[in-house]
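The opening residue of the sequence shown carries number 0 in numbering that gives the first Met the number 0; numbering runs sequentially from there. Note that beta-carbon positions come from the ideal geometry of N, C-alpha and C, so glycine has one too. Keep in mind it's a predicted model, so treat the numbers as computed, not measured. Below is one structure, written out as structure tokens; comments come after it.
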Amino acid sequence: MEKYVVFTCHQQKFALPIDKTEKILQLEKVTSVLDATAYILGIIQYDEQILPVIDMNERFFKERMAFTSDAKIIVAEWHDKRIGLAVDDVLTVQTFESVSLKEHHDKIKDETAESIRAFISKDEEIITLLNCETFISETGSKELEELIEKAG
0 MEKYVVFTCH
10 QQKFALPIDK
20 TEKILQLEKV
30 TSVLDATAYI
40 LGIIQYDEQI
50 LPVIDMNERF
60 FKERMAFTSD
70 AKIIVAEWHD
80 KRIGLAVDDV
90 LTVQTFESVS
100 LKEHHDKIKD
110 ETAESIRAFI
120 SKDEEIITLL
130 NCETFISETG
140 SKELEELIEK
150 AG
């Protein structure tokens, strides 16, 4: 059994393995980055470093997230680096048995499909389990790497 951080984006539930998350922050001021990919919300100061922040609504649904009092930033591990994931709300930390994970591998074939590790069926709801390493496009990955390098 693994533990997951469950959060919402665009009124849908998603989960990340807790071992890929470091901290949950209140979404506050984010500094924009000029000419950045649409889903790069900007950067914040975190733990004496610059942390790039991804708008998960923009990434998956092509709609800018609303800045509400519930909005959070999940500090997550991505390719051995830290990034921020801006989400509508963080709901809970939950344990799921491996039998509740439904692998999807050959059901969807596109860039978004690579970001999905499995679907979790829980109480008549479906929670999408994300793969931390692949939910950012190749172009976005290069851009994030450059941002992290410039900030470092």
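Please tell me whether Leu50 and Ile43 are closer than 8 angstroms, where the distance is taken between their beta carbons. Taking the first residue of the sequence shown as position 1, residue 50 is located at position 51. Taking the first residue of the sequence shown as position 1, residue 43 is located at position 44. Against a cut-off of 8 angstroms, the Cβ pair of Ile43 and Leu50 comes out as a contact.
Contact set for Pro16: own chain, Cβ-Cβ below 7 angstroms, skip 5 residues either direction: Counting from one through the sequence shown, the residue named residue 16 turns up at place 17. So the qualifying residues of the chain are Glu1 and Tyr3.
In angstroms, rounded to a whole number, what distance separates the CA positions of Phe118 and Val32? Here residue 118 refers to the residue found at position 119 when the sequence shown is read from its first residue. Here residue 32 refers to the residue found at position 33 when the sequence shown is read from its first residue. Going from the Cα of Phe118 to the Cα of Val32 covers about 33 angstroms.
Return the first residue and the last residue of the alpha helix (DSSP H) that Glu57 is part of. Start at 1 with the first residue of the sequence shown, and residue 57 comes out as number 58. Looking at the DSSP string, the run of the alpha helix (DSSP H) that includes Glu57 is Met55 to Phe60.
So within the region 28 to 78, which uninterrupted beta strand (DSSP E) runs reach at least 3 residues, ignoring any that extend past its ends? 39 to 45, 48 to 54 and 71 to 77
Helix, strand or coil for Asp88 per DSSP? Along the sequence shown, one-based indexing puts residue 88 at 89. Strand.
When the Cα of Leu84 is compared with those of Asp54, Lys28, Ala65 and Lys121, which residue comes out closest? Taking the sequence shown and counting its residues from 1, the one referred to as residue 84 is at position 85. Checked all of Asp54, Lys28, Ala65 and Lys121; the closest Cα to Leu84 is Asp54.
Proximity below 8 angstroms, CB of Ala75 to CB of Cys131: What you label residue 75 is simply residue 76 of the sequence shown in a count that begins at 1. What you label residue 131 is simply residue 132 of the sequence shown in a count that begins at 1. Going by C-beta atoms, Ala75 is nearer than 8 angstroms to Cys131.
Rounded C-alpha distance that separates Arg81 from Glu148: As a first step, residue 81 is located in the sequence shown; it is residue number 82 there, counting from the start. As a first step, residue 148 is located in the sequence shown; it is residue number 149 there, counting from the start. Taking the straight line from one Cα to the other gives about 12 angstroms.
Report the three-state DSSP secondary structure of Ser140 (helix, strand or coil). Position 141 of the sequence shown, counted from the first residue, corresponds to residue 140. Helix.
Phe134 CB to nearest heavy atom of the ligand GDP below 7 angstroms: The ligand GDP is not among the ligands present in this structure, which contains no ligands whatsoever.
So, at 6 angstroms on beta carbons, what are the nonlocal neighbours of Asn56 in its own chain, with the 5 sequence-adjacent residues on each side left out? Translated into positions along the sequence shown, residue 56 becomes position 57. These residues qualify, in order along the chain: Cys8, His9, Glu62 and Met64.
Name the residue from His78, Ile125 and Glu123 whose alpha carbon lies nearest to the alpha carbon of Thr20. Along the sequence shown, one-based indexing puts residue 20 at 21. Answer by Cα proximity: His78.
Let me confirm a value: Phe66 is counted as buried when at least 16 other C-beta atoms fall within 10 Å, else exposed. Which label applies? For the purposes of this step, residue 66 is taken as residue 67 along the sequence shown, with counting starting at 1. Flag for Phe66 reads exposed.
What is the residue span of the beta strand (DSSP E) that Thr7 lies within? Taking the first residue of the sequence shown as 1, we reach residue 7 at position 8. Element bounds for Thr7: Glu1 to Cys8.
Let's test the definition: count the other Cβ atoms within 10 Å of the Cβ of Ala37 and tell me whether it reaches 16, buried, or not, exposed. Here residue 37 refers to the residue found at position 38 when the sequence shown is read from its first residue. Its Cβ having fewer than 16 others within 10 Å, Ala37 is exposed.
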